[in-house]
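These protein sequence lines map, in sequence, to chains A, B, C and D. For the first sequence, the positions run 1 to 419 when this note's numbering is used. For the second sequence, the positions run 1 to 419 when this note's numbering is used. For the third sequence, the positions run 1 to 419 when this note's numbering is used. For the fourth sequence, the positions run 1 to 419 when this note's numbering is used. Input: a single structure, listed below in C-alpha cells.
Number of protein chains: 4
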Amino acid sequence: MDNPVPDYLAEVAEACASLTSGEPASYIPELASVDPDRYGVAMATIDGALYSVGDARHEFTIQSISKAFVYGLAVRERGLTEVLRKVDVEPSGDPFDELSLEDGTGRPRNPMINAGAITTHALVGGDGVSSAGRFEEIHRLLCDLAGRELSVDEEVWASEMSVSDRNLAIAHLLRSHGIISDSPEEVVSAYVRQCAVLVTAEDLAMMAATLANAGVQPVTGQRIFSGHQVRHLLSVMLTCGMYDSAGDWVSNVGIPAKSGVGGGIIGALPGQVGIATFAPRLDPHGSSVRGIETFERLSHDMGLHLMEVAPPARSVIQRSRVVGEGEEAVRVFELAGTIGFTGAERVVRRLAEEEPVERTIVVDLTHVSSVGGPARHMLLEALRRLRLDGYTVYLIDHDEVLPDPDPGDGQPVEQLQEI
Amino acid sequence: MDNPVPDYLAEVAEACASLTSGEPASYIPELASVDPDRYGVAMATIDGALYSVGDARHEFTIQSISKAFVYGLAVRERGLTEVLRKVDVEPSGDPFDELSLEDGTGRPRNPMINAGAITTHALVGGDGVSSAGRFEEIHRLLCDLAGRELSVDEEVWASEMSVSDRNLAIAHLLRSHGIISDSPEEVVSAYVRQCAVLVTAEDLAMMAATLANAGVQPVTGQRIFSGHQVRHLLSVMLTCGMYDSAGDWVSNVGIPAKSGVGGGIIGALPGQVGIATFAPRLDPHGSSVRGIETFERLSHDMGLHLMEVAPPARSVIQRSRVVGEGEEAVRVFELAGTIGFTGAERVVRRLAEEEPVERTIVVDLTHVSSVGGPARHMLLEALRRLRLDGYTVYLIDHDEVLPDPDPGDGQPVEQLQEI
Amino acid sequence: MDNPVPDYLAEVAEACASLTSGEPASYIPELASVDPDRYGVAMATIDGALYSVGDARHEFTIQSISKAFVYGLAVRERGLTEVLRKVDVEPSGDPFDELSLEDGTGRPRNPMINAGAITTHALVGGDGVSSAGRFEEIHRLLCDLAGRELSVDEEVWASEMSVSDRNLAIAHLLRSHGIISDSPEEVVSAYVRQCAVLVTAEDLAMMAATLANAGVQPVTGQRIFSGHQVRHLLSVMLTCGMYDSAGDWVSNVGIPAKSGVGGGIIGALPGQVGIATFAPRLDPHGSSVRGIETFERLSHDMGLHLMEVAPPARSVIQRSRVVGEGEEAVRVFELAGTIGFTGAERVVRRLAEEEPVERTIVVDLTHVSSVGGPARHMLLEALRRLRLDGYTVYLIDHDEVLPDPDPGDGQPVEQLQEI
Amino acid sequence: MDNPVPDYLAEVAEACASLTSGEPASYIPELASVDPDRYGVAMATIDGALYSVGDARHEFTIQSISKAFVYGLAVRERGLTEVLRKVDVEPSGDPFDELSLEDGTGRPRNPMINAGAITTHALVGGDGVSSAGRFEEIHRLLCDLAGRELSVDEEVWASEMSVSDRNLAIAHLLRSHGIISDSPEEVVSAYVRQCAVLVTAEDLAMMAATLANAGVQPVTGQRIFSGHQVRHLLSVMLTCGMYDSAGDWVSNVGIPAKSGVGGGIIGALPGQVGIATFAPRLDPHGSSVRGIETFERLSHDMGLHLMEVAPPARSVIQRSRVVGEGEEAVRVFELAGTIGFTGAERVVRRLAEEEPVERTIVVDLTHVSSVGGPARHMLLEALRRLRLDGYTVYLIDHDEVLPDPDPGDGQPVEQLQEI
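So, in C-alpha cells, the structure goes:
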C-alpha cells in the first residue's frame, strides 16, 4: 500500500500553488534574485517520519526563522530569568524591523523582532566569546536541529551586510541602553551570518519536529532543549512569531510558528508534527503568501490547531472486571491511553466513587502508553489511599509506564505478571 | 477512598492565600466594599465533575469575564466575518479601558477591551432589538452556560452607572465611527447590566468547562457554541484575554483565560477542564493577584499548559498479530487511544511499510476511544488502498468510533464481532 | 487721493481666488451646503480702520475660531494657574478632533483642540452657572469683541448636534478624568452653540485687532483682555492654533492665528493689525485653502511676520546739540520714536559714554511717541545717575510720555516748555 | 554716568543664582566634571554693545546650540526646499535624543533634535566633501558668528565619542532611509566635534545678536545669513528649540532660543538683542535651570517677549502744517519713527482722508529712521496718486531713507533741502 500522507500534502500544495501575489524580499539585493515561484512543503513527525512535496529540498537562507532557535539557545545557556532581563516576550504589534524598545530600559519587546533577535544572538556564548565563536555555536545548534551539516550562503551574507544600516542602528541603540556590550559591527556581522545559513524545507520540518518532540531531535535522538525550554519557546512563537498578526494567526492557524524573509515558515505542534514551507513571494508583513495559505489549510483540513478539541475521550478506565470469587475475588481496573492530569482525575474519581467489595485491587496498565508527572502522583496517591481503606493493591505494568511505584508509604506497589 | 483532587486544589489554594497585595477594584464604589480576603477556586471537568475549595460558592459580579461569552454569542449570531468587520482580534498591549480603536475605521482592537466588548454587546440580537431584549438574550446565554438561573446585582449596576463616563465616551466614539448605531446611553446601560450578573467560582468553572468541552455544557448536555466557534473564542482569549501581558500569560500559564475586576478569572483548557478563581484583590492590570498565582501553579503543577507535550505516545498500533495459519491466516492490527491526524499518520505509515503476507487484514478498534475527522479520512483511504493491493479488510468496531466505514469505493468495510 | 490699501488687498485676493482645491466641511451636514467659492478678506488696524474685499460681510459660523477667545475668557475669569491645571498649552501634532489627553491626568494637550476647547468652555462662568448662562457670557464676549450684536445659526447648531458623538465622547472622557464636572450633554450643547455664532470676516478682523491692540477693542475702546492675557493667548495661538503644522505656519506666516471649519481664519500681529479671511474650501487639516494662501502672501508681501526685522533703527537719540554758551551752556538730547528696552539701552549707553562738559542736560521727548515700562525705569535711572554726577537735568515732555518723572531720589525731574 | 544696564543684568543674575537644583549632564563623562555652580549671563545689542555678568567669559562646549547655526548654514548652502526634503520643521514633543523620524520617509521631525542635527550637519559642504572639510566649514561659520577664533575641546570630543552609540544608531538609521549617504561613523565623529567647539556666554550672545540683527554680525559687519534665512531659522528655534516645551516657552519667554547640554542657552529677539546664559545644572529636559529662569525674568522684566505690544504709537504723521499763504501755501506732513506696513497704512490713510486745499504737498522724512520694503511701495504709490489728483509733491529726505523715489510714473519726486 502506498502511504496516502504525501498525497494529502500534494493536494494542499496544489491548491496553494495558484497564489501568485507578493514578491520576494527586495531590500536585500541577493534575495530579490531568487525564483519567485519555487514552492515546497515538508512535514516531520515526532518519531522522525518525513514527508515532502515540491521544492522541499531546495536550499535557501533561514533568515528570521533562526531567531526562534537562537532564542532557545540563549535561554538554554543563560536561563530564562537572565534572558528576560534583556528581552521581553510581549507581542509588539509592530513590523519585524521596528525598533520596539521598552521606554527607559531599551529592552526589546520580544525576541522575534530584529532588536530582540540581535540581543539573543549576543547572549549566546560565554563572556568573552569571539563573534566567530558565537557564530560557531549557533551554527552547531542549527546543524544539530537539522540533523546534518548546513552551509552558509556567503553571497547573501555579503549582500545583506551591504544594506545593514538598520541592523547596525538597532545594535548601536541596544548598546547605548546597555542591552548588549560587544561591538555592534561584529554582532551584526555574525547575526547576519546566522540568517544566511542555508536550509531546505525538509531541514526546517525536522527542526520544527524537534520542538514538537519536546526538544529531542526525532532522528538523531539528541536532546537539544529541555521540555520546559521548548514549552516557553513555543509560547513565544505563538504570540510573537508572526509579527503584527498574532491574534489572527492563533485564531486561523493555531500553530506556534516563525517566518523568514527567505520565504520559509516553520510551525511546531507539540506532541504531533513539525511543518515547514518554502515559497519566496512575501506579503506586506514579510511572510510567505503561499506559506501562510498552506498553514491555514493544514490547520483546517488536518485539525492541526492547538485549540482543536478531540472528541471527549471515554473513561481511561476502559474496563472494570472481577476475577475469582468470594474472598479470593479481585477487582481489575484496565486503564488505557495517554494519562495526563485529566485522565488521572477520571481514574481517581472512579476509584473514589466505586468502593469495590473485593478486597484486592489490580490496576492494569498494559494499554497505557504513558503517564504524565502530575498523573503519576495522583495515581500513586490513589493507591496509597486504597491501602489506607484496607485494600491490597497490585499493578500490571510490563512497559514500566509507572516506574518505581512507591506511593510514599514506604511500600512499593507489587507487580503481577498477569491475571 | 477519598478523591485526592480536592486535596490538590486545597494545597494550591493554601499556598496562594498568603498573597495579600492588591486591592479590590475601587473605581466602582460598590465593588470597593467587598471583603478583600475572600478566595475560592473551582474546577470542572468536561464530563461534569466539579471540584472546589474556599469561597467558591460566594456570588460576585461577572464583570469582564462576560466579554468572552458575549463575543462568542455575537459570532454565533452574526457569523465571524460580520463580527470581524466591527472588531479586530489583535492584542492591544493596552489596559482594559483603553480606547484602542483602529485609525480611520474606529474598529476596536479586540473584543476583550471595553471598546470591543461594548461593540460585541451591541451586535447581539436581531436588528431592531430593544436593549432590554438584548440583555435578556445575554442573560439567557450566561444562565445556560452556568446551568442555573443567575441574578443581577442591582446595587453594583447602579453604582457602575454612576461612574460610567468612560464607557459612555467609548460608546459615543464607536457611534461616531459607525461601529455601533444604537443610543450610547442604552447600550452602556445594558452592557453594565451584563457585567453585573452574579456568578460563583463554581458557575464560572462550569461555564469555562463548556468551552473546554467544545461548546457543550458538561452537565446539561446543551450545545451552546459550535466547536469551530469555541476554537476561535479560545484563540482570542489566549492572545487578548489577559490584556497587556499576553506573551507573559501564554508563556507562564498557557491556558486561554479571561479576568474580571469583580475578582474572577476563568481558564479553559480544550478537551480537559474549566477552571475559575475568585479573589477580589487586583494587580495594577486589574486582574486578581491570587487568581493569577493560582493559575500559574495549576499550570505548572498539573501540567495544564497548552504546550505541555505528553511523553511521546507509543504507536497507536498497539499490537499486530496473526490469527490462523496458511491461506486462512489473518493479520490483526489492534489500534488504541484517541486517534487524530498524528495517530492516523502513524497507522497508515505502518500499514504502508508492513505489506503483510497474510491476505486478510483486520483492524481492531476496540481500544480506540475516538477518531477525529481527518483521521477518519486517512484510515478509510488506507483501507481503500489495501483493497486495491488485493487485501480483504475487516473492522472490529463495537463502539462505532468509525461509523459508516465507506472508503469511497462503494463497498463499506465489513464488521467482525471478534477474532 | 484714494487709499491704496484696499487695492493691495484686492490684488492678494485675486491671486488667491484661483485656488479651487479642497471642499467645505462635510461632517456637519449643514456646513456642506455653503457656496464653496465665497471668499472674503478683511484687515483692521489697532486704531480701528477697517479694509475688506470680496465676501467679507457674508455671515458664517465662527466654529473653532471661538476657541481662542473663549480660552482668553477662561483665563480672564479663573486666572492662568487654575486654567493650566485643566488644560496644557503644548502643540499636540494631532488633528483638531483628536483626543490628545495627557496620560493619567486626562488634561487636554492645548485649548485649541476640541478636548481643550470643551474644557475651557466649561471653565467659563462661576460655579453653579447654568449652561445657558455660560453661553450667554461667551456670546457677550464675542459681541464685545466684534463691536456689534451677533446671532446664532440655529440650523448649523442643530445639524452639528445631530453628529455630536465625538464631542460627547470627549466630554464624557473629560468628566471621567474630573477635568469637567457638568453634564456632558449640556456642555456639548452649549459648546456647539458657541461654535454656531454667526460672524463676518470684518467682524473677525476687528476681533483679531482687539488682540493686536493688547486687548482693547479698537473702535469701542472697551478693554476686553489685559495685555498680559493677550500676550499669553497669542503665544498659544502661535504654537497651537493651526493644529498639526505649527512649525510650518510659524516659519511661513509667523502670525498668531486660529482657523475654523466654517472657513474662517484669523490672525493677529501684536501692535499692528488684525486679519481675517473667509473661504469655505478646506485642506485635509480642516483649514481654509485660500485663507492659508492669503495669510502667506500678506505675511510675505507686507512683511507681516513676527520675526520680520525692521532695518536697524538709527540711534533713538536723534540729535544732540548745545544751546547757550559758557556756564550757561545746556546739552540737549532729542529722543525720537517708540522707546522700549532696546531703545532705552541705546540712550543710556550714549549718556554713559558721552560725559558732556555742559553742566545742564535737557532730554527732549517731543518726538517720542511712547516709552515702555522697563524703558521708563532705565531712563529715570539714567537721570538719577546724571544728577549724582552733578548735572542738572530737565525734561521736555509736552505729551507726558514719561509721566510722573521721579527717578527715585525724591526730586521729580522738572519740565521745560521749550529750549 | 555709569551705564545701568550691567546693574540690571547683575540683579537678575543674583536672583537666579540661588537656584541649585539640577545636575550637569552626566551621560558624557567629561561634561559631568564641570563646576556645577558656574553662572554667566551676556547680552549683545544689534549695534554691537556687549554686557555681561558672572562667568560669561568662561569657555564651555557649545553642544546642541550649534544645531541652530548649522541648520542655518545648510539652508544657506542648499536652499530651504532641498533641506526640507531631508528634515521637517515641526515640534516633536519628544526629548532631544528621541529618534522622531517620519513614518516611511525617515525624515527627522526637526533640525533641533539629534536626528535632524546630524542630518543638517551632513548637508553642509558640497558633494564629495570630506568630513574634515565639512567640520572646517562649520568651524568657520561659528568663528564668524562669534567674531573670533574658537577652539575645540578635544577631551570632551573624545569623551562623547566613547558614548556615541545613540548618535551612531541615529546615523545608521538615517542612512537606511537614504536621508544621509556618508559613512555614519565619520558623520557622527565630525558632528560630535561640532558640538565640542568651545565658546563663552559672551561669544554666544554675539552669535545670537547676529540673528537678532537679521544675519549681520554686529561687530565685524559680516553678513552671515540673509534676512530671509534668519527669519526662517528664528521661527524654527521658536517652535523647536526648547524640545518638548514649545508651548510653555513661547508663552512664558517668547524669545526664539536654543539650549545645549553644556549648560548654554541662547535667545535672539529680532531687531533687539542676543542673549546667552551659561549654567551647567540641567533640568530633566536637558536645559539649564538657571538659564531658563534668567530668560523668564529678562522676558518679563524687560518686556523682551515677541508678543509684547508696544503702547499704540501715535500717528507716524507727527505734524501737519501749512507754510506760506494763498496760492503759495504748501502743506507739510512731518513723518517720524520706523515705518513698516502698519505705519505706512496710517500715512496713506491720513493722506487719503485729508484732501488738503493747498496744491503743493511736502513730505518731511527728517525724523524717519527707516522705511520697510512694503512701506516704501505704499508711500510712493500715495505720492503717485497725489500727483494724479493734481498736487505737486516734494520730499525732504536728507538721510535717504527713501532712496530713488520714483513712484512709477517716470518722474522721480523732487527733493527740498528745507522748508
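The C-beta atom is built at its ideal place from N, Cα and C for all residues, glycine as well.
Could you check how far apart the C-beta atoms of B/L73 and B/L150 are, in whole angstroms? I think they sit under 8 Å.
Here residue 73 of chain B is taken as the residue at index 73 of the second sequence, counted from 1. Here residue 150 of chain B is taken as the residue at index 150 of the second sequence, counted from 1. Rounded, the Cβ-Cβ distance is 15 Å, inconsistent with contact.
Leaving aside the five residues before and after D/P312 along the sequence, list all residues of the same chain whose C-beta is less than 7 Å from its C-beta, in chain order.
The count along the fourth sequence starts at 1 and reaches residue 312 of chain D at position 312. Low local confidence applies: a pLDDT of 47 at D/P312 is under 50, so the model's placement there is unreliable, with the coordinate-based value given in what follows. Within the same chain, D/P312 has no close Cβ partners at all.
What first and last residue would you give for the alpha helix (DSSP H) that runs through A/D7?
In the first sequence, residue 7 of chain A corresponds to position 7, counting from 1. Unbroken alpha helix (DSSP H) run through A/D7: V5 to A17.
Where does the unbroken alpha helix (DSSP H) through A/V75 begin, and where does it stop?
Working through the first sequence from its first residue, we reach residue 75 of chain A at position 75. From DSSP, the alpha helix (DSSP H) with A/V75 extends over I65 to R78.
Given that a residue counts as buried once 16 or more other Cβ atoms are within 10 Å of its Cβ, and exposed if not, what is C/G178?
Position 178 of the third sequence holds residue 178 of chain C. Classification for C/G178: exposed.
Assign D/D248 to one of three DSSP states: helix, strand, or coil.
Mapped onto the fourth sequence, residue 248 of chain D falls at position 248. In this structure, D/D248 counts as helix in the three-state DSSP scheme.
Under 7 Å Cβ-Cβ, which residues of chain C neighbour D/H305?
For the purposes of this step, residue 305 of chain D is taken as residue 305 along the fourth sequence, with counting starting at 1. What D/H305 touches in chain C: R231.
In whole angstroms, what separates the C-alpha of A/P407 from that of B/V5?
What you label residue 407 of chain A is simply residue 407 of the first sequence in a count that begins at 1. What you label residue 5 of chain B is simply residue 5 of the second sequence in a count that begins at 1. Spanning the two alpha carbons is a distance of roughly 16 Å.
I need the straight-line Cα distance from D/F278 to A/G22, nearest angstrom please.
Counting from one through the fourth sequence, the residue named residue 278 of chain D turns up at place 278. Counting from one through the first sequence, the residue named residue 22 of chain A turns up at place 22. Distance between the alpha carbons of D/F278 and A/G22 is about 58 Å.
So that I know if they touch, is there some Cβ in chain A lying closer than 8 Å to that of D/S21?
Taking the first residue of the fourth sequence as 1, we reach residue 21 of chain D at position 21. With 8 Å as the cut-off, D/S21 does not count as an interface residue toward chain A.
May I ask you to report which of helix, strand or coil DSSP gives D/L269?
For the purposes of this step, residue 269 of chain D is taken as the residue at position 269 of the fourth sequence. Strand, per DSSP.
Going along chain D, which residues have a C-beta under 7 Å from C/V87?
Taking the first residue of the third sequence as 1, we reach residue 87 of chain C at position 87. The contacting residues do not exist; C/V87 stays about 11 Å from chain D at best.
Is there a C-beta anywhere in chain A that falls below 8 Å from the one on D/L173?
On the fourth sequence, residue 173 of chain D is found 173 positions in, with the first residue counted as 1. So, interface residue.
Considering only C-alpha positions, which residue in the set D/S162, D/E325, D/A122 and D/L379 is nearest to D/G343?
The count along the fourth sequence starts at 1 and reaches residue 343 of chain D at position 343. Taking only the C-alpha atoms, the option nearest D/G343 is D/L379.
Kindly list the residues whose CB is nearer than 7 Å to the CB of A/P184, restricted to its own chain and excluding five residues on each side of it in sequence; keep chain order.
Your numbering for residue 184 of chain A matches position 184 in the first sequence. Closer than 7 Å at Cβ, skipping near neighbours: L168, A171, H172 and R175.
With 8 Å set as the bound, which would you pick, yes or no: does the beta-carbon of B/D283 sit closer than that to a beta-carbon of chain E?
Of the protein chains in the structure, A, B, C and D, none is chain E.
Which term fits A/I419, buried or exposed, when burial requires 16 or more other beta carbons within 10 angstroms of its beta carbon?
In the first sequence, counting from the first residue as 1, residue 419 of chain A sits at position 419. So A/I419 counts as exposed.
Within chain D, partners of A/R346 - CB distance below 7 Å
Counting from 1 along the first sequence, the entry for residue 346 of chain A is found at position 346. Per Cβ cutoff of 7 Å: no residues; A/R346 is ~55 Å from chain D at best.
Residues in the stretch 137 to 169 of chain C with C-beta within 7 Å of chain B's C-beta atoms, listed in sequence order?
D165, R166, L168 and A169
Is the beta carbon of B/I118 sitting closer than 8 Å to the one on B/Y191?
As a first step, residue 118 of chain B must be located in the second sequence, where it is residue number 118. As a first step, residue 191 of chain B must be located in the second sequence, where it is residue number 191. Yes, the Cβ-Cβ distance between B/I118 and B/Y191 is below 8 Å.
Applying a beta-carbon distance threshold of less than 7 Å, which residues of chain D neighbour A/S369?
Along the first sequence, one-based indexing puts residue 369 of chain A at 369. What A/S369 touches in chain D: nothing, since even the nearest Cβ is about 54 Å away.
Based on DSSP bridge pairs, tell me the residues matched to B/Y394.
Within the second sequence, numbered from 1, the residue matching residue 394 of chain B stands at position 394. Its beta-bridge partners are B/V362 and B/E414.
Grab the span of the alpha helix (DSSP H) containing B/V332 for me, first residue to last.
Within the second sequence, the letter at position 332 stands for residue 332 of chain B. That residue, B/V332, is in no alpha helix (DSSP H); its beta strand (DSSP E) goes V330 to I339.
What residue ranges within the stretch 159 to 199 of chain D form continuous alpha helix (DSSP H) runs of no fewer than 4 residues, ordered along the chain?
165 to 176 and 184 to 195
Just the Cα atoms here: how many angstroms apart are A/T61 and A/L238?
Sequence index remark: in the first sequence, residue 61 of chain A carries index 61 (1-based). Sequence index remark: in the first sequence, residue 238 of chain A carries index 238 (1-based). Approximately 22 Å, taken between the alpha carbons.
Does any CB atom of chain C fall closer than 8 Å to the CB of D/P312?
Numbered from its first residue, the fourth sequence carries residue 312 of chain D at position 312. For D/P312, the predicted structure reports a pLDDT of 47, less than 50, and the residue's modelled location is therefore unreliable. A value from the coordinates is still provided. Output row for D/P312: interface = yes.
In terms of residue numbering, what span does the beta strand (DSSP E) encompassing B/G40 cover?
Numbered from its first residue, the second sequence carries residue 40 of chain B at position 40. Here the beta strand (DSSP E) through B/G40 covers G40 to T45.
Within 10 angstroms of its Cβ, does C/L388 collect 16 or more other Cβ (buried), or is it exposed?
On the third sequence, position 388 is the one that residue 388 of chain C refers to. C/L388 is exposed by the Cβ-count criterion.
Within a Cβ cutoff of 6 Å, which residues of the same chain sit near A/Y51, ignoring the five residues on either side of it in sequence?
Along the first sequence, read from residue 1 onward, the residue named residue 51 of chain A stands at position 51. So the qualifying residues of the chain are V5, P6, L9 and M43.
Just to make sure I have the definition right: I need the residues of chain A whose C-beta is within less than 7 Å of the C-beta of D/S176. Which are they?
Mapped onto the fourth sequence, residue 176 of chain D falls at position 176. By Cβ distance, chain A contributes D165, R166 and A169.
Grouping DSSP H, G and I as helix and E and B as strand, with all else coil, what is A/P312?
Along the first sequence, one-based indexing puts residue 312 of chain A at 312. Here A/P312 scores only 47 on pLDDT, less than 50, and its place in the model should not be relied on; the value that follows carries that caveat. Three-state result, A/P312: coil.
Quick one, which of D/D153, D/Q217, D/A146 and D/P24 has its alpha-carbon nearest D/P422's?
Here chain D has residues from 1 to 419 only, and residue 422 of chain D is not among them.
Determine which residues of the stretch 70 to 84 of chain A have a Cβ less than 7 Å from any Cβ of chain B, and write them out in chain order.
none
Determine the DSSP secondary structure at A/Q217, reduced to helix, strand or coil.
Start at 1 with the first residue of the first sequence, and residue 217 of chain A comes out as number 217. Reduced to three states, the DSSP call for A/Q217 is coil.
Please state the DSSP three-state secondary structure of C/Q318.
Your numbering for residue 318 of chain C matches position 318 in the third sequence. Strand.
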